[in-house]
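K.L.:
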Amino acid sequence: DHIYTGVKESGIYQDMLNCDQNAQLMVHSSKMYPTEDCTFFQVLARIMSGTLHAGQKVSAWCELLGHGRGRFPYAVGRAVVDLRGAIKVELNHVLAGNRVPID
Numbered sequence: 003d004h005i006y007t008g009v010k011e012s013g014i015y016q017d018m019l020n021c022d023q024n025a026q027l028m029v030h031s032s033k034m035y036p037t038e039d040c041t042f043f044q045v046l047a048r049i050m051s052g053t054l055h056a057g058q059k060v061s062a063w064c065e066l067l068g069h070g071r072g073r074f075p076y077a078v079g080r081a082v083v084d085l086r087g088a089i090k091v092e093l094n095h096v097l098a099g100n101r102v103p104i105d
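Numbering-wise, my numbering comes out as the position in the sequence shown, counting from 1, plus 2.
Below, the structure written as structure tokens:
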């Protein structure tokens, strides 16, 4: 409730409250981790609604610039689950309600 600044009576808001995996994709990025060589970041994100697919083209926007402004096109690389730092499992999709590191 505190991370969404849009209209609370909208269908998108209800989809996020219900973690509807068939709804429009909405992802909240909570942390960015640089790679060891500092060439890019891995984003820790929670899928609020919809389903995130590896290779999917998404649009990221900066909340500070206002709704609809400051949009940045972005292609999702991999969704990777790191199991205790030893084993990485690559996923082809992640459903609403889950947290996942994204390349």
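Beta carbons: idealized from backbone N, C-alpha and C, even for Gly.
Under 8 angstroms, with one C-beta from each stretch per pair, do the region 19 to 30 and the region 43 to 62 reach the 3-pair mark?
P.N.:
Cβ pair count under 8 angstroms is three or more, so yes.
K.L.:
Do you know offhand how far Asp-22's Cα is from Ser-12's?
P.N.:
If you take the alpha carbons of Asp-22 and Ser-12, they lie about 14 angstroms apart.
K.L.:
So the alpha helix (DSSP H) Ile-14 belongs to, where does it begin and stop?
P.N.:
That run of the alpha helix (DSSP H) goes 13 to 19.
K.L.:
From this set, Asp-105, Arg-48, Lys-90, which residue's C-alpha is nearest Arg-97's C-alpha?
P.N.:
It is worth fixing the name first, because residue 97 is Leu in this sequence and not Arg. Checked all of Asp-105, Arg-48, Lys-90; the closest Cα to Leu-97 is Arg-48.
K.L.:
Among Lys-90, Val-45, Val-60, which residue has its Cα nearest to the Cα of Arg-101?
P.N.:
Nearest of Lys-90, Val-45, Val-60 to Arg-101, Cα basis: Val-45.
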